[in-house]
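Asks: Before we start, here is the structure in question, set down as structure tokens.
Number of protein chains: 2
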Amino acid sequence: MNLHLFDQAITLSGEPNLRENTISPAYQNMVGPFGGVTAATLLNAVLTHPDVVGSPVSMTVNYLGPIKSDVISIKPRLVKNNRSNQHWLVEVYADNEMALTSLMIFGIRVESWSDTDLSFPEAPAVDELSSMPTDMLPPWPSQYDMRFVKGNPFAEPKSTTSEPSSESLHWASDKPARKLDFPSLAAMCDVFFPRLFVHQRAVVPVGTVSLTVYFHVAADALEEVESPWVLAHARAGKFTNSYFDHTGEIWSQDGTLLATTNQMAYYKY
Amino acid sequence: MNLHLFDQAITLSGEPNLRENTISPAYQNMVGPFGGVTAATLLNAVLTHPDVVGSPVSMTVNYLGPIKSDVISIKPRLVKNNRSNQHWLVEVYADNEMALTSLMIFGIRVESWSDTDLSFPEAPAVDELSSMPTDMLPPWPSQYDMRFVKGNPFAEPKSTTSEPSSESLHWASDKPARKLDFPSLAAMCDVFFPRLFVHQRAVVPVGTVSLTVYFHVAADALEEVESPWVLAHARAGKFTNSYFDHTGEIWSQDGTLLATTNQMAYYKY
Chain A
0 MNLHLFDQAI TLSGEPNLRE NTISPAYQNM VGPFGGVTAA TLLNAVLTHP DVVGSPVSMT
60 VNYLGPIKSD VISIKPRLVK NNRSNQHWLV EVYADNEMAL TSLMIFGIRV ESWSDTDLSF
120 PEAPAVDELS SMPTDMLPPW PSQYDMRFVK GNPFAEPKST TSEPSSESLH WASDKPARKL
180 DFPSLAAMCD VFFPRLFVHQ RAVVPVGTVS LTVYFHVAAD ALEEVESPWV LAHARAGKFT
240 NSYFDHTGEI WSQDGTLLAT TNQMAYYKY
Chain B
0 MNLHLFDQAI TLSGEPNLRE NTISPAYQNM VGPFGGVTAA TLLNAVLTHP DVVGSPVSMT
60 VNYLGPIKSD VISIKPRLVK NNRSNQHWLV EVYADNEMAL TSLMIFGIRV ESWSDTDLSF
120 PEAPAVDELS SMPTDMLPPW PSQYDMRFVK GNPFAEPKST TSEPSSESLH WASDKPARKL
180 DFPSLAAMCD VFFPRLFVHQ RAVVPVGTVS LTVYFHVAAD ALEEVESPWV LAHARAGKFT
240 NSYFDHTGEI WSQDGTLLAT TNQMAYYKY
């Protein structure tokens, strides 16, 4: 059986409280692995833990520095078990140094009054757009089919007539297509190029230091999502003193808000 | 000397690696303390740690459950010391059970290219608005002067003509006025009523489970902010299966974006 490269990348071995993961060369970024797959791997360590209850509600991953070793050790710890939710604290080591920290909340997603305040962005259909070429980029973008509506930092020159914008909107799916699940949704929350690239059309050193994902689908609702495509929308708030933030939304192809996500990233510019 | 109630609330005793804090009755919420002051207290434990370098960049606090004890024990741990930033992991115990977890990043905020992509919201001046009455509310809102432009869940009836909205915009300052610093800015990032109250005008059980703050000012720039007033803007993305998210911005009175903030909250409705 040929596992999808994504499933290979998030594969875990070892005990539930001490997992090992071999860093996938397919998802490397400029320096170290793509943060989205790293987040997915950590989420997978909790999703497959025998003590887990419910589905993911919230996840924050802090990236302590670029991971240079081939293997990471993941230590998930259930720090609080409530009646309707669980809090997990995950420490990750590379070469015996702490490399990642993560806080996760899992919850029993009961039926409740529901409403989506954000609006599904207007975008041409997937078939009407062409795939972004990835041959000049590091490995990870080649594992996705990305089709930009706006804000492709590599295709469009910086506007000389309007204010520069950090906004981007694009369709994305795993390549080859893969049914969405929580790990791939977590990874999709990082399937963006840095807002600084988008705003300035400048490719400079940038690294995410913290990523937060809020999940807006329960396990059964995510299971019902058939399309592998998501519509990914993001913008920055402010760039200053070598850090900028990023706010994004991940929508299913039929217009369900699957996740909202935020990042803080370091830059040198 | 009479300390401001906020300074009393975030006061720490003990060793740098094991701090104690007495929960302030002045900042109590419906069940347990106001999350903003709790976040400020944790931030204070790192800000006053002898090993800290730089100013706060990012902070995530997870609330494991309502704190019922009078005293909490705070264990800040520097888990990675990089050339330009630091990663901290903070565990907090109440009655020997883990009650809070926090991840923080501190950074040396060097000069860099800067730009604010978000726009300062249009709002009447502070003096043109009246203070929200707080006498029917739990203690914490009485420690702030809040002046709503829109989205006061206790004052305006739910619109019958337009779509219900989770957006709110209000001025806020400590009461009595207190110069902004990082702890008070962190607390201001939670100086909101739950988006569900705003959207539905329904006061139902709600509790923040995770709060993230991204700081957009270096220490010297915050020091220069003279006004104690901030303009606080927030909206929800989606309410579903008993959790909703919240995205907010905190602006100084003169239009500097001081912080962006996100929450995930539990609700029963």
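If you read the protein sequences in the order shown, they are chains A and B. Numbering-wise, numbering that gives the first Met the number 0 puts 101 at position 102 of the first sequence, and it's gapless, one number per residue. Numbering-wise, numbering that gives the first Met the number 0 puts 132 at position 133 of the second sequence, and it's gapless, one number per residue. Virtual Cβ for every residue (Gly too), placed ideally from N, Cα, C.
Cα-Cα, which of Ala201/A, Pro140/A, Ser130/A is closest to tryptophan 112/B?
Replies: Counting from one through the second sequence, the residue named residue 112/B turns up at place 113. Checking every option, the nearest Cα to that of tryptophan 112/B belongs to Ala201/A.
Asks: Taking beta-carbon pairs under 9 angstroms, can you tell me which members of the segment 97 to 123 of chain A lie near chain B?
Replies: Near chain B, meaning a CB-to-CB distance below 9 angstroms, the residues of the segment 97 to 123 of chain A are Met97, Ala98, Thr100, Ser101, Leu102, Met103, Ile104, Gly106, Ile107, Arg108, Val109, Glu110, Ser111, Trp112, Ser113, Asp114, Thr115, Asp116, Leu117.
Asks: Could you check what DSSP says for valine 212/B in three-state terms: helix, strand or coil?
Replies: Locating residue 212/B in the second sequence gives position 213, where the first residue counts as 1. Reduced to three states, the DSSP call for valine 212/B is strand.
Asks: Would you kindly work out how many angstroms separate the C-alpha atoms of isoleucine 71/A and serine 101/A, rounded to a whole number?
Replies: Counting from 1 along the first sequence, the entry for residue 71/A is found at position 72. Counting from 1 along the first sequence, the entry for residue 101/A is found at position 102. The alpha-carbon atoms of isoleucine 71/A and serine 101/A are separated by roughly 14 angstroms.
Asks: Would you mind stating whether phenylalanine 5/B and proline 55/B have Cβ atoms separated by less than 8 angstroms?
Replies: Locating residue 5/B in the second sequence gives position 6, where the first residue counts as 1. Locating residue 55/B in the second sequence gives position 56, where the first residue counts as 1. Taking 8 angstroms as the Cβ cut-off, phenylalanine 5/B and proline 55/B do not qualify as a contacting pair.
Asks: Rounded to the nearest angstrom, what separates glutamine 142/A and aspartate 173/A at their Cα positions?
Replies: Within the first sequence, residue 142/A is the residue found at index 143, counting from 1. Within the first sequence, residue 173/A is the residue found at index 174, counting from 1. Roughly 6 angstroms separates the two Cα atoms.
Asks: Counting only Cβ pairs nearer than 7 angstroms, list the residues of chain B close to histidine 169/A.
Replies: The count along the first sequence starts at 1 and reaches residue 169/A at position 170. Contact annotation for histidine 169/A against chain B: no contact, minimum CB-CB distance about 18 angstroms [criterion: below 7 angstroms].
Asks: I need the DSSP call for histidine 198/B, collapsed to helix, strand or coil.
Replies: Here the question's residue 198/B lines up with position 199 in the second sequence. Histidine 198/B: helix per DSSP, three-state reduction.
Asks: Which value, in whole angstroms, describes the spacing of the CA atoms of histidine 232/B and tyrosine 242/B?
Replies: Here residue 232/B refers to the residue found at position 233 when the second sequence is read from its first residue. Here residue 242/B refers to the residue found at position 243 when the second sequence is read from its first residue. Answer to the nearest angstrom: the Cα atoms are 20 angstroms apart.
Asks: Quick check on the burial criterion: 16 or more other C-beta atoms within 10 angstroms. Buried or exposed for valine 203/B?
Replies: As a first step, residue 203/B is located in the second sequence; it is residue number 204 there, counting from the start. Exposed.
Asks: What separation, rounded to the nearest whole angstrom, lies between the Cα atoms of valine 125/B and tryptophan 250/B?
Replies: Here residue 125/B is taken as the residue at index 126 of the second sequence, counted from 1. Here residue 250/B is taken as the residue at index 251 of the second sequence, counted from 1. Straight-line Cα distance between these residues: approximately 13 angstroms.
Asks: Mapping the DSSP letters down to three states, classify methionine 145/A as helix, strand or coil.
Replies: Start at 1 with the first residue of the first sequence, and residue 145/A comes out as number 146. Note: methionine 145/A maps to strand in three-state DSSP.
Asks: Nearest-angstrom Cα distance between glutamate 223/B and valine 216/B?
Replies: As a position in the second sequence, residue 223/B is number 224, starting the count at 1. As a position in the second sequence, residue 216/B is number 217, starting the count at 1. The alpha-carbon atoms of glutamate 223/B and valine 216/B are separated by roughly 10 angstroms.
Asks: In this structure, does DSSP put tryptophan 250/B in helix, strand or coil?
Replies: Taking the first residue of the second sequence as 1, we reach residue 250/B at position 251. It is a strand residue.
Asks: By the 10 Å Cβ neighbour count, where 16 or more other Cβ atoms means buried, how is serine 118/A classified, buried or exposed?
Replies: Indexing the first sequence from 1 puts residue 118/A at position 119. Flag for serine 118/A reads exposed.
Asks: Name, please, each residue of chain B whose Cβ falls closer than 7 angstroms to the Cβ of histidine 86/A.
Replies: Mapped onto the first sequence, residue 86/A falls at position 87. Per Cβ cutoff of 7 angstroms: Asn61, Leu63, Thr100.
Asks: DSSP three-state label for tryptophan 87/B, please.
Replies: The sequence position of residue 87/B within the second sequence is 88, counting from 1. Looking at tryptophan 87/B - three-state DSSP - the assignment turns out to be strand.
Asks: Quick one: grab the DSSP three-state call for aspartate 6/A.
Replies: Within the first sequence, numbered from 1, the residue matching residue 6/A stands at position 7. Note: aspartate 6/A maps to helix in three-state DSSP.
Asks: Which residues, in chain order, does the segment 255 to 267 of chain A contribute to contact with chain B at a C-beta distance below 8 angstroms?
Replies: Leu256, Thr259, Asn261, Met263, Tyr265, Tyr266, Lys267
Asks: Can you list the residues of chain A that alanine 235/B reaches, using a CB-CB cut of under 8 angstroms?
Replies: To locate residue 235/B, count along the second sequence from 1; it is residue 236. Correct list: Asp116.
Asks: With a cut-off of 8 angstroms, does the C-beta of glutamate 248/B fall near any C-beta of chain A?
Replies: Counted from its first residue, the second sequence places residue 248/B at position 249. True, the Cβ-Cβ gap to chain A drops below 8 angstroms.
Asks: Chain B beta carbons: is any one of them nearer than 8 angstroms to that of histidine 48/A?
Replies: The residue given as residue 48/A occupies position 49 in the first sequence. It does not: the Cβ of histidine 48/A has no partner Cβ on chain B nearer than 8 angstroms.
Asks: Quick one, which of Arg194/A, Pro152/A, Thr159/A, Asp219/A has its alpha-carbon nearest leucine 179/A's?
Replies: Counting from 1 along the first sequence, the entry for residue 179/A is found at position 180. Among Arg194/A, Pro152/A, Thr159/A, Asp219/A, the Cα nearest to that of leucine 179/A is on Asp219/A.
Asks: May I ask which residues mark the beginning and end of the beta strand (DSSP E) holding threonine 97/A?
Replies: For the purposes of this step, residue 97/A is taken as residue 98 along the first sequence, with counting starting at 1. Note on residue identity: the sequence assigns methionine, not threonine, to residue 97/A. It spans 96 to 106 - the beta strand (DSSP E) in which methionine 97/A sits, taken as one unbroken run.
Asks: Tell whether a beta-carbon distance below 8 angstroms holds between valine 197/B and serine 165/B.
Replies: The residue given as residue 197/B occupies position 198 in the second sequence. The residue given as residue 165/B occupies position 166 in the second sequence. Contact flag set, yes.
Asks: Which residue wins for smallest C-alpha separation from aspartate 116/B, given the options Gly254/A, Thr21/A, Asp114/A, Thr239/A?
Replies: Counting from one through the second sequence, the residue named residue 116/B turns up at place 117. Comparing C-alpha distances from aspartate 116/B to each of Gly254/A, Thr21/A, Asp114/A, Thr239/A shows the shortest one belongs to Thr239/A.
Asks: Are the CB atoms of valine 148/A and aspartate 128/A within a distance shorter than 8 angstroms?
Replies: Here the question's residue 128/A lines up with position 129 in the first sequence. Here the question's residue 148/A lines up with position 149 in the first sequence. Reading the sequence as shown, one finds leucine at residue 128/A and not aspartate. Against a cut-off of 8 angstroms, the Cβ pair of valine 148/A and leucine 128/A comes out as a contact.
Asks: For threonine 260/B, is the classification buried or exposed, using 16 other Cβ atoms within 10 angstroms of its Cβ as the cut-off for buried?
Replies: By one-based count along the second sequence, residue 260/B stands at place 261. Buried, because 16 or more other Cβ atoms sit within 10 Å of the Cβ of threonine 260/B.
Asks: With the cut-off set at 8 angstroms, would you say alanine 351/A and alanine 44/A are in Cβ contact?
Replies: The question about residue 351/A has no answer here: the residues shown for chain A are numbered 0 through 268.
Asks: As a quick exercise: from Phe153/B, Val51/B, Pro120/B, pick the residue whose alpha carbon is nearest that of leucine 195/B.
Replies: Here residue 195/B refers to the residue found at position 196 of the second sequence. Residue Phe153/B is the option with its Cα nearest to leucine 195/B.
Asks: Using the beta-carbon of each residue, which ones in chain A are nearer than 9 angstroms to lysine 74/B?
Replies: The sequence position of residue 74/B within the second sequence is 75, counting from 1. Residues of chain A passing the Cβ test: none, with the nearest at roughly 12 angstroms.
Asks: Do leucine 230/B and proline 123/B count as a contact pair if the criterion is CB distance below 8 angstroms?
Replies: Here the question's residue 123/B lines up with position 124 in the second sequence. Here the question's residue 230/B lines up with position 231 in the second sequence. Leucine 230/B is positioned such that its CB atom lies no closer than 8 angstroms to that of proline 123/B.
Asks: Please tell me whether asparagine 240/A has its Cβ less than 8 angstroms away from any Cβ of chain B.
Replies: Here residue 240/A corresponds to residue number 241 of the first sequence, with the count starting at 1. Answer yes: the Cβ-Cβ gap between asparagine 240/A and chain B drops below 8 angstroms somewhere.
Asks: DSSP three-state label for tryptophan 139/B, please.
Replies: Numbered from 1 along the second sequence, position 140 holds the residue referred to as residue 139/B. In the structure shown, tryptophan 139/B sits in a helix (DSSP, three-state: H, G or I).
Asks: If contacts are defined as beta-carbon pairs under 8 angstroms, then proline 75/B and valine 30/B qualify, I think. What distance do you get, rounded to the angstrom?
Replies: Here residue 75/B is taken as the residue at index 76 of the second sequence, counted from 1. Here residue 30/B is taken as the residue at index 31 of the second sequence, counted from 1. About 26 angstroms; that fails the 8 angstroms criterion.
Asks: Considering only the beta carbon of each residue, do phenylalanine 191/B and glycine 247/B sit closer than 8 angstroms?
Replies: Residue numbering aside, residue 191/B sits at position 192 when the second sequence is read from its first letter. Residue numbering aside, residue 247/B sits at position 248 when the second sequence is read from its first letter. In contact: phenylalanine 191/B and glycine 247/B (Cβ atoms closer than 8 angstroms).
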